[in-house]
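For what it's worth, our numbering labels the leading residue of the sequence shown as 14, then goes sequentially.
Each residue gets a CB set at the ideal place from its N, CA and C atoms; glycine is no exception.
Everything below concerns the one structure shown next.
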Amino acid sequence: MFGRKRPLYFGLSLFTLASLCCALAKSIEWLIFFRLLQGVGAASVMSIPRAVIRDSYTGTQATRLLTTVMLVLAISPMLAPLIGSLLLIPFGWRSVFVGISVATFLGLLLAITSLPETLKPEDRIPFKAEVMFNAFSTLLRDPVYMGLVCIGGFGFASFFAFLATASFLYIDYYGLSPVQFSMAFALNALSFFLSSQFAANFGSRFGIPVILKWAIRGFMVSSLIMFGVITAGFDHFALLVVMLLMTYGCLGLVLPTTLILSLEQHGSIAGTASSLGGAIQLSMGAVAIVITSLVFNGTPQPLAAVIAACGVLALLMSRLTLRKVIKSVKE
Numbered sequence: 014m015f016g017r018k019r020p021l022y023f024g025l026s027l028f029t030l031a032s033l034c035c036a037l038a039k040s041i042e043w044l045i046f047f048r049l050l051q052g053v054g055a056a057s058v059m060s061i062p063r064a065v066i067r068d069s070y071t072g073t074q075a076t077r078l079l080t081t082v083m084l085v086l087a088i089s090p091m092l093a094p095l096i097g098s099l100l101l102i103p104f105g106w107r108s109v110f111v112g113i114s115v116a117t118f119l120g121l122l123l124a125i126t127s128l129p130e131t132l133k134p135e136d137r138i139p140f141k142a143e144v145m146f147n148a149f150s151t152l153l154r155d156p157v158y159m160g161l162v163c164i165g166g167f168g169f170a171s172f173f174a175f176l177a178t179a180s181f182l183y184i185d186y187y188g189l190s191p192v193q194f195s196m197a198f199a200l201n202a203l204s205f206f207l208s209s210q211f212a213a214n215f216g217s218r219f220g221i222p223v224i225l226k227w228a229i230r231g232f233m234v235s236s237l238i239m240f241g242v243i244t245a246g247f248d249h250f251a252l253l254v255v256m257l258l259m260t261y262g263c264l265g266l267v268l269p270t271t272l273i274l275s276l277e278q279h280g281s282i283a284g285t286a287s288s289l290g291g292a293i294q295l296s297m298g299a300v301a302i303v304i305t306s307l308v309f310n311g312t313p314q315p316l317a318a319v320i321a322a323c324g325v326l327a328l329l330m331s332r333l334t335l336r337k338v339i340k341s342v343k344e
């Protein structure tokens with residue numbers, strides 16, 4: 014009904030204004046309220062770019078672009094502590110929200126001047142409750158779509174578990190300073206970046222489902238090795254960082270490939286498929302944060318256990334899903 018650009022403009026504008034209001038908030042209650050508005054604005058930014066790519070590209074080309082999108086989504090929370098600390102220490106916490114609003118406003122200008130409308134008027138679905146219900150019903154009843162979303166969701170869950178405990182482990186357990194923590198935290202972006210850049214090239218050569226199958230296995234094996242090593246008492250900081258680099262390196266192949274495959278058969282409702290998949294995966298990440306927080310004891314072992322569980326569950330889900338994916342691709 015609205016296309017891709019207008020909802021994106023609305024989301025970016027709302028996020029920009031909410032960020033400025035956060036910087037000017039006079040109480041914690043107002044800060045929480047404006048943070049809620051930030052989340053509403055951010056929701057469109059999370060789902061629309063993926064739908065835009067699906068409107069214009071499929072297969073390897075879509076994978077190549079989606080790896081860039083997933084790279085930004087993964088790197089942002091990894092680099093945020095480093096950038097935030099550079100603003101926080103000299104200028105105070107309000108400067109962080111000012112910086113966010115400026116960056117978002119620049120993104121809005123870039124979208125207005127450079128992003129074309131990718132959803133043709135004749136392809137737009139009317140904004141009706143019945144139509145939306147049918148679209149969601151179609152997606153929820155598609156076992157391949159749901160399986161791929163859940164595989165990616167377990168990857169998100171492992172990453173969110175790391176986000177929930179990293180500061181406590183790196184600073185309190187291993188004794189890093191806040192700046193050292195930010196730099197170490199950002200290292201995980203390196204492995205994700207390097208591996209995600211190979212997703213499209215590997216996909217064009219071997220096929221995206223094959224790459225996904227081996228990436229999930231690598232994710233599970235590396236996470237189980239990390240859990241075993243830490244449980245055995247080898248919890249040195251450098252060793253943990255190396256094992257996380259291996260684990261999230263595999264994740265850099267899992268996330269973009271599951272995303273493109275989940276949207277492959279639902280081009281006519283790509284926006285709905287993208288938003289529903291994102292909501293499910295973020296919900297799985299939120300559950301992982303709760304579980305990790307409940308079992309966290311100040312050591313790396315609970316984190317390693319949650320990541321390993323995510324790896325095993327992702328593999329089990331892939332066994333139920335990938336055969337159907339490969340069959341549909343061949344057809």
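Residue i by DSSP, collapsed to three states: which one?
{"i": "F247", "result": "coil"}
{"i": "G349", "result": "The question about residue 349 has no answer here: the residues shown for the chain are numbered 14 through 344."}
{"i": "L189", "result": "coil"}
{"i": "Q314", "result": "helix"}
{"i": "G231", "result": "helix"}
{"i": "L132", "result": "coil"}
{"i": "G16", "result": "coil"}
{"i": "F309", "result": "coil"}
{"i": "G160", "result": "helix"}
{"i": "G220", "result": "coil"}
{"i": "R154", "result": "coil"}
{"i": "S287", "result": "helix"}
{"i": "A38", "result": "coil"}
{"i": "Q294", "result": "helix"}
Which whole-angstrom value is the C-beta distance of residue i and residue j, which I expect to be below 8 Å?
{"i": "A317", "j": "M239", "result": "5 Å"}
{"i": "A348", "j": "S306", "result": "The first residue shown for the chain is 14 and the last is 344, placing residue 348 beyond what the model contains."}
{"i": "T285", "j": "G160", "result": "Contact doesn't hold; Cβ gap of about 18 Å is too wide."}
{"i": "L101", "j": "V111", "result": "That belief does not hold up - the Cβ atoms of L101 and V111 are roughly 12 Å apart, past 8 Å."}
{"i": "R63", "j": "L276", "result": "7 Å"}
{"i": "S114", "j": "L33", "result": "5 Å"}
{"i": "F205", "j": "G298", "result": "About 15 Å; that fails the 8 Å criterion."}
{"i": "S208", "j": "S98", "result": "Not quite, the Cβ-Cβ distance comes to about 27 Å (not below 8 Å), so this is no contact."}
{"i": "I293", "j": "V162", "result": "5 Å"}
{"i": "S331", "j": "I164", "result": "6 Å"}
{"i": "F23", "j": "C35", "result": "Rounded, the Cβ-Cβ distance is 18 Å, inconsistent with contact."}
{"i": "A301", "j": "A174", "result": "5 Å"}
{"i": "L21", "j": "V82", "result": "L21 to V82, Cβ: 13 Å. No contact."}
For chain C, find out if any of its Cβ atoms is closer than 9 Å to the Cβ of residue i; answer yes or no.
{"i": "G298", "result": "No chain C appears in this structure, which consists of one protein chain only."}
Around the C-beta of residue i, are 16 or more other C-beta atoms found within 10 angstroms, so that it is buried, or is it exposed?
{"i": "K226", "result": "buried"}
{"i": "D68", "result": "buried"}
{"i": "A116", "result": "exposed"}
{"i": "P269", "result": "buried"}
{"i": "T126", "result": "exposed"}
{"i": "T89", "result": "As written in the sequence, residue 89 is Ser, which differs from the Thr given in the question. Exposed."}
{"i": "F247", "result": "exposed"}
{"i": "G188", "result": "exposed"}
{"i": "L119", "result": "exposed"}
{"i": "P12", "result": "Beyond the ends of the chain as shown, which are 14 and 344, falls residue 12; an answer cannot be given."}
{"i": "H279", "result": "buried"}
{"i": "S60", "result": "buried"}
{"i": "A245", "result": "exposed"}
Kindly examine the ligand COA and report whether one of its heavy atoms sits closer than 8 Å to the Cβ of residue i.
{"i": "G160", "result": "The ligand COA is not among the ligands present in this structure, which contains no ligands whatsoever."}
_Extract the residue ranges of the beta strand (DSSP E) inside the stretch 45-128, only unbroken runs of 3 or more that lie entirely within it._
none
*Three or more C-beta pairs closer than 8 Å, one from the stretch 317-328 and one from the stretch 196-204: is that the case here?*
no
*Determine contact between the stretch 26-34 and the stretch 47-61, defined as no fewer than three beta-carbon pairs at a distance below 8 Å.*
yes
*Segment contact flag, the stretch 308-315 with the stretch 180-196, C-beta cutoff 8 Å, min 3 pairs*: yes
_Segment contact flag, the stretch 258-267 with the stretch 33-51, C-beta cutoff 8 Å, min 3 pairs_ = no
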